[in-house]
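> In the numbering used here, the protein residues as written are 16 to 164.
In this text, a Cβ means the ideal position worked out from N, Cα and C, and glycines have one as well.
These numbers were taken from a predicted model, which means no experiment stands behind them.
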Amino acid sequence: MPIEFLDILADDGWVARPVDPAAPDALWSEGGSLADAPVDVAATFAGRSVSTAMDPTFALDGIRLAPGFAIPRHRHDQQVLRIVFGGTLEVRSDDEVAQLRAGQFCVIDAGTVHSVVAGPDGATYTESWHLEAPPVQTTWHPDPAWVTP
Numbered sequence: 016m017p018i019e020f021l022d023i024l025a026d027d028g029w030v031a032r033p034v035d036p037a038a039p040d041a042l043w044s045e046g047g048s049l050a051d052a053p054v055d056v057a058a059t060f061a062g063r064s065v066s067t068a069m070d071p072t073f074a075l076d077g078i079r080l081a082p083g084f085a086i087p088r089h090r091h092d093q094q095v096l097r098i099v100f101g102g103t104l105e106v107r108s109d110d111e112v113a114q115l116r117a118g119q120f121c122v123i124d125a126g127t128v129h130s131v132v133a134g135p136d137g138a139t140y141t142e143s144w145h146l147e148a149p150p151v152q153t154t155w156h157p158d159p160a161w162v163t164p
């Protein structure tokens with residue numbers, strides 16, 4: 016098919032998206048890898064899923080968060096663009112808090128420590144990275160959103 020049409024708000028085509036704590040690009044802010052952190056990574060990310068319809072070679076991910084789901088404080092070594100399509104997404108940094116709804120977006124500078132929280136109806140959004148950049152390195156920080164053993 017020369018053109019593929021997708022509906023990012025459809026309920027089908029979503030799978031769990033765990034974070035691999037042993038990945039070389041998953042670091043803990045207090046030193047070492049995320050695998051060595053005193054948190055339960057699998058339980059923390061149980062409410063996050065990714066769209067299977069989006070081709071990751073486009074450096075574009077479709078993300079869906081369950082209602083109230085919180086992604087703990089973290090930073091990336093690259094700039095990221097997030098565009099909200101459904102629900103609401105609260106984006107927090109040390110300096111500001113913004114509520115994004117469908118049709119709104121934010122650009123988060125590389126190195127900015129931030130967290131995101133889905134609203135009461137959850138959140139569906141895309142995040143995009145520069146195409147020419149190497150794989151994104153994420154450093155995770157202590158945060159109340161982490162599930163601890």
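Taking just the CA atoms, how far does R88 sit from G46?
Numbered from its first residue, the sequence shown carries residue 46 at position 31. Numbered from its first residue, the sequence shown carries residue 88 at position 73. Spanning the two alpha carbons is a distance of roughly 15 Å.
> Residue range of the beta strand (DSSP E) that V99 falls in?
Reading the sequence shown from its first residue, position 84 is the one you call residue 99. V95 to S108 is the span of the beta strand (DSSP E), which, as asked, contains V99.
> DSSP has E142 in a bridge; who is on the other side?
If you number the sequence shown from 1, residue 142 lands on position 127. For E142, which the question treats as bridged, DSSP gives the partners D76 and R97.
> Determine, using beta-carbon pairs with one atom in the region 94-107 and one in the region 56-65, whether at least three such pairs fall under 8 Å.
The region 94-107, when compared against the region 56-65, does not touch it at the 8 Å Cβ threshold.
> Does P53 come out as helix, strand or coil in the three-state DSSP assignment?
Your numbering for residue 53 matches position 38 in the sequence shown. Correct three-state label for P53: coil.
> Would the beta-carbon of L49 fall within 8 Å of that of W161?
One-based indexing of the sequence shown puts residue 49 at position 34. One-based indexing of the sequence shown puts residue 161 at position 146. Going by C-beta atoms, L49 is not nearer than 8 Å to W161.
> Return the CA-CA distance between D110 and S66, expressed in angstroms with no decimal places.
Counting from one through the sequence shown, the residue named residue 110 turns up at place 95. Counting from one through the sequence shown, the residue named residue 66 turns up at place 51. Going from the Cα of D110 to the Cα of S66 covers about 31 Å.
> Does DSSP put A133 in a helix, in a strand, or in coil?
Locating residue 133 in the sequence shown gives position 118, counting from the first residue. Here A133 sits in strand by DSSP.
> Nearest-angstrom Cα distance between T163 and P17?
Within the sequence shown, residue 163 is the residue found at index 148, counting from 1. Within the sequence shown, residue 17 is the residue found at index 2, counting from 1. Straight-line Cα distance between these residues: approximately 47 Å.
> For H89, write down the residues that DSSP places opposite it in a beta bridge.
Mapped onto the sequence shown, residue 89 falls at position 74. DSSP, once it has assigned bridges, lists H129 and W155 as partnering H89.
> R116 and S130: beta carbons closer than 8 Å?
As a position in the sequence shown, residue 116 is number 101, starting the count at 1. As a position in the sequence shown, residue 130 is number 115, starting the count at 1. Contact: no.
> Could you name the residues of the same chain whose beta carbon sits closer than 7 Å to that of D76, not counting the 5 residues immediately before and after it, in chain order?
Indexing the sequence shown from 1 puts residue 76 at position 61. Same-chain partners within the cutoff: V65, M69, T141 and E142.
> Taking the alpha-carbon positions, what's the P149 to D92 distance?
Stepping through the sequence shown from its first residue, residue 149 is reached at position 134. Stepping through the sequence shown from its first residue, residue 92 is reached at position 77. If I take the Cα positions, the gap works out to 10 Å.
> With the cut-off set at 8 Å, would you say D40 and T127 are in Cβ contact?
Reading the sequence shown from its first residue, position 25 is the one you call residue 40. Reading the sequence shown from its first residue, position 112 is the one you call residue 127. For D40 and T127, no; Cβs fall outside 8 Å.
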